[in-house]
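A.B. asks: I'd like to ask some things about the structure below.
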Amino acid sequence: EAKKQLGSSYQFYTEEMKVEAMGQLYLEAELRRAIRLQELRLYYQPRIDVATERLVGVEALVRWQHPTRGLLSPAEFIPLAEESGLIVPIGYWVVYQACKDLGVLTAAGHSDLHVAVNLSFRQFRDERLQDTLIHILNEARVDMGRLEFELTETAVMQDPARVSGVMRSLNELGIQFSLDDFGSGYSSFSHLQQLPIQTLKIDRGFISDLQSNTDNQVIVRAMISLAHKLNLQVVAEGVDHLSQVGFLRGEACDQIQGFLYSQPIPLNALMTLLESDDHIRRLLNDPQVALE
Ligand code: C2E
Ligand code: MG
Ligand code: MG
Ligand code: MG
Numbered sequence: 007e008a009k010k011q012l013g014s015s016y017q018f019y020t021e022e023m024k025v026e027a028m029g030q031l032y033l034e035a036e037l038r039r040a041i042r043l044q045e046l047r048l049y050y051q052p053r054i055d056v057a058t059e060r061l062v063g064v065e066a067l068v069r070w071q072h073p074t075r076g077l078l079s080p081a082e083f084i085p086l087a088e089e090s091g092l093i094v095p096i097g098y099w100v101v102y103q104a105c106k107d108l109g110v111l112t113a114a115g116h117s118d119l120h121v122a123v124n125l126s127f128r129q130f131r132d133e134r135l136q137d138t139l140i141h142i143l144n145e146a147r148v149d150m151g152r153l154e155f156e157l158t159e160t161a162v163m164q165d166p167a168r169v170s171g172v173m174r175s176l177n178e179l180g181i182q183f184s185l186d187d188f189g190s191g192y193s194s195f196s197h198l199q200q201l202p203i204q205t206l207k208i209d210r211g212f213i214s215d216l217q218s219n220t221d222n223q224v225i226v227r228a229m230i231s232l233a234h235k236l237n238l239q240v241v242a243e244g245v246d247h248l249s250q251v252g253f254l255r256g257e258a259c260d261q262i263q264g265f266l267y268s269q270p271i272p273l274n275a276l277m278t279l280l281e282s283d284d285h286i287r288r289l290l291n292d293p294q295v296a297l298e
């Protein structure tokens, strides 16, 4: 009886695994098709300068407008894209689209706005990464100084020599780099000094309970202070409460990003936001504008 049960559960298990493996294969085929059929979308989340309260940059975040399952978040397909290598073409599409959108923003008068794009470690396995990126950027005639790539420490540490080599070459063209999700993985302060990065993004894990967690207050204070001593800019991620802003301003954090100010939004919504942001600033700086 026990054997029989074991047998049937074993069979059930393999059936389930088969179904799951087929599901993965199916999803991979769908994702491959998604690139071709242009089902990917770029959303933008604002970065706010703490001192001036201005929208100074955005982070590009990919989504998949699936024909039946709706708008999928990166968590639902980026891991598969990384495993399958599809992150390479997806990553190029993201850079291409971000440059194109930067052109639209520039034409609308938002010529100071910076855009940050995430890069996965897997993209560095592509021998032509550096050349292809430069090609895309040149074709788009984008001002390299307005572009930033976000990389996690975990990604960099997979192959520090290769990754930092590519970073350095792109750095020379004016492209900036930031260390994403800082503090979430195997962090080492020594990397900060060695890597060609300009910005540190504090992981939202330290920010979410900042009001109540005094340990995190101490850690965030130390991170900001150290980053500034190394001439790095600091961005706090996952800011979703006004009291966090108070603390971060007090610690001279440079920029904040999070749901408090805005969720990731499509380009047209970003344009609207930028226009109202500009308008409010103009009102504050020059009451005469109100009469226009
Ligand atoms: P990330 O680069 O750390 O991006 C920040 C994530 O935090 C975004 O999730 C954003 O929506 C979320 N977030 C921002 N503010 C808040 C907040 O106040 N509260 C909370 N709870 N969450 C907040 P998203 O868009 O789902 O992206 C998740 C991750 O997917 C990204 O993390 C990044 O690692 C990856 N990803 C997204 N787009 C790309 C891409 O184009 N290429 C690559 N390689 N990875 C990407
Ligand atoms: Mg990021
Ligand atoms: Mg992050
Ligand atoms: Mg992340």
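Under the working numbering, the letters of the sequence shown match residues 7 to 298, in that order.
For every residue, glycine included, the Cβ atom is placed at its ideal position computed from N, Cα and C.
First and last residue of the alpha helix (DSSP H) that includes alanine 146?
C.D. replies: By one-based count along the sequence shown, residue 146 stands at place 140. Segment: none, alanine 146 is in no alpha helix (DSSP H) and carries neither H nor E.
A.B. asks: Can you determine whether any heavy atom of ligand 1 sits closer than 6 Å to the C-beta of serine 319, and answer yes or no?
C.D. replies: The shown model of the chain, from 7 to 298, leaves out residue 319, and the question about it has no answer.
A.B. asks: By the DSSP assignment, the beta strand (DSSP E) with aspartate 246 in it spans what residues?
C.D. replies: In the sequence shown, the residue the question calls residue 246 occupies position 240. It is not in any beta strand (DSSP E) - aspartate 246 carries neither H nor E in the DSSP assignment.
A.B. asks: Is aspartate 246 near ligand 3, going by C-beta to nearest heavy atom under 6 Å?
C.D. replies: Stepping through the sequence shown from its first residue, residue 246 is reached at position 240. The answer is no for aspartate 246.
A.B. asks: Look at the alpha carbon of glutamate 298 and the alpha carbon of alanine 228, and state the distance between them as a whole number of angstroms.
C.D. replies: Counting from one through the sequence shown, the residue named residue 298 turns up at place 292. Counting from one through the sequence shown, the residue named residue 228 turns up at place 222. For glutamate 298, the predicted model reports a pLDDT of 46, less than 50, meaning its position is unreliable; a value from the coordinates is still stated below. Looking at the backbone, the Cα of glutamate 298 and that of alanine 228 are separated by about 47 Å.
A.B. asks: Taking the beta carbon of tyrosine 192 as the centre, do at least 16 other beta carbons fall within 10 Å, making it buried, or is it exposed?
C.D. replies: For the purposes of this step, residue 192 is taken as residue 186 along the sequence shown, with counting starting at 1. So tyrosine 192 counts as exposed.
A.B. asks: Going residue by residue through the segment 123-199, where are the continuous beta strand (DSSP E) segments of at least 3 residues, counting only ones entirely within it?
C.D. replies: 153-158, 182-188
A.B. asks: Alpha carbon to alpha carbon, how far is leucine 61 from glutamate 281? Give it in angstroms, no decimals.
C.D. replies: Here residue 281 refers to the residue found at position 275 of the sequence shown. Here residue 61 refers to the residue found at position 55 of the sequence shown. Answer to the nearest angstrom: the Cα atoms are 11 Å apart.
A.B. asks: Quick one, are the C-beta atoms of glycine 180 and phenylalanine 212 less than 7 Å apart?
C.D. replies: One-based indexing of the sequence shown puts residue 180 at position 174. One-based indexing of the sequence shown puts residue 212 at position 206. No, the pair does not count as a contact, with Cβ atoms beyond the cut-off.
A.B. asks: Might you give, ordered along the chain, the residues of its own chain that have their beta carbon closer than 6 Å to the beta carbon of serine 126, omitting 5 neighbours on each side?
C.D. replies: As a working mapping, residue 126 is identified with position 120 in the sequence shown. Once the five neighbours on either side are set aside, the close Cβ partners of serine 126 are Glu88, Ile93.
A.B. asks: Based on Cα-Cα distance, which residue from Tyr102, Asp283, Val169 lies nearest to isoleucine 203?
C.D. replies: For the purposes of this step, residue 203 is taken as residue 197 along the sequence shown, with counting starting at 1. It is Val169.
A.B. asks: Could you tell me whether the Cβ atoms of glutamine 261 and arginine 128 are closer together than 7 Å?
C.D. replies: Counting from one through the sequence shown, the residue named residue 261 turns up at place 255. Counting from one through the sequence shown, the residue named residue 128 turns up at place 122. Not closer than 7 Å, so no.
A.B. asks: For threonine 205, is the classification buried or exposed, using 16 other Cβ atoms within 10 angstroms of its Cβ as the cut-off for buried?
C.D. replies: By one-based count along the sequence shown, residue 205 stands at place 199. By the 10 Å Cβ count, threonine 205 comes out buried.
A.B. asks: Give a single yes or no on whether aspartate 186 has its beta carbon closer than 6 Å to a heavy atom of ligand 2.
C.D. replies: What you label residue 186 is simply residue 180 of the sequence shown in a count that begins at 1. Indeed, a heavy atom of ligand 2 lies less than 6 Å from the Cβ.
A.B. asks: Is asparagine 274 near ligand 2 - that is, is its Cβ less than 6 Å away from at least one heavy atom of it?
C.D. replies: Your numbering for residue 274 matches position 268 in the sequence shown. Not so, every heavy atom of ligand 2 lies at least 6 Å from the Cβ.
A.B. asks: Indicate, with yes or no, if ligand 3 has a heavy atom lying under 6 Å from the CB of glutamate 243.
C.D. replies: As a first step, residue 243 must be located in the sequence shown, where it is residue number 237. Because some heavy atom of ligand 3 lies under 6 Å away, the Cβ of glutamate 243 counts as near it: yes.
A.B. asks: Taking only the alpha-carbon atoms, compute the straight-line gap between histidine 197 and leucine 37 and give it to the nearest angstrom.
C.D. replies: Against the sequence shown, residue 197 aligns to sequence position 191. Against the sequence shown, residue 37 aligns to sequence position 31. Annotation: histidine 197 to leucine 37 spans about 35 Å, alpha carbon to alpha carbon.
A.B. asks: DSSP on glutamate 59, reduced to helix/strand/coil?
C.D. replies: The residue you call residue 59 lines up with position 53 of the sequence shown. Residue state, collapsed to three classes: coil.
A.B. asks: What distance in whole Å lies between the Cβ atoms of valine 172 and leucine 135, which are believed to be in contact at a cut-off of 8 Å?
C.D. replies: In the sequence shown, the residue the question calls residue 135 occupies position 129. In the sequence shown, the residue the question calls residue 172 occupies position 166. Distance from leucine 135 to valine 172 at the Cβ level is roughly 6 Å; contact confirmed, criterion being Cβ atoms closer than 8 Å.
A.B. asks: Taking only the alpha-carbon atoms, compute the straight-line gap between tryptophan 99 and cysteine 259 and give it to the nearest angstrom.
C.D. replies: As a position in the sequence shown, residue 99 is number 93, starting the count at 1. As a position in the sequence shown, residue 259 is number 253, starting the count at 1. In a straight line, the C-alpha of tryptophan 99 is about 32 Å away from that of cysteine 259.
A.B. asks: Quick one, are the C-beta atoms of glutamate 65 and alanine 114 less than 7 Å apart?
C.D. replies: In the sequence shown, counting from the first residue as 1, residue 65 sits at position 59. In the sequence shown, counting from the first residue as 1, residue 114 sits at position 108. No, they are not a contact pair.
A.B. asks: Can you tell me whether DSSP reads proline 85 as helix, strand or coil?
C.D. replies: By 1-based counting over the sequence shown, the position of residue 85 is 79. Proline 85: helix per DSSP, three-state reduction.
A.B. asks: Looking at the unbroken beta strand (DSSP E) that takes in alanine 114, where does it start and where does it end?
C.D. replies: Taking the first residue of the sequence shown as position 1, residue 114 is located at position 108. Here alanine 114 belongs to no beta strand (DSSP E), and DSSP marks it neither H nor E.
A.B. asks: What is the C-beta distance between leucine 86 and leucine 43, in whole angstroms, given that I count them as a contact (C-beta under 8 Å)?
C.D. replies: Locating residue 86 in the sequence shown gives position 80, counting from the first residue. Locating residue 43 in the sequence shown gives position 37, counting from the first residue. Not confirmed; about 17 Å, so no contact.
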